[in-house]
Amino acid sequence: MEGNAVVIDTGARGVSLFIKCFYKDNRIFH
């Protein structure tokens, strides 16, 4: 159970990092 929470936390962090980079690229292109 504890390992599962770590995996979810890491996944959420990866997703938010990806979204941040995606929006940064969008601002440059537009």
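The sequence shown begins at 1 in the UniProt record's numbering and counts up by one. Beta carbons are placed, not taken as given, at the ideal position from N, Cα and C, and that holds for glycine. No experiment lies behind these values; they were computed from the predicted model shown.
Cα-Cα separation between residue i and residue j, rounded to whole angstroms
i   : j   : result
A12 : R27 : 23 Å
L17 : T10 : 11 Å
E2  : I8  : 10 Å
V15 : C21 : 10 Å
V6  : I19 : 20 Å
D25 : N4  : 32 Å
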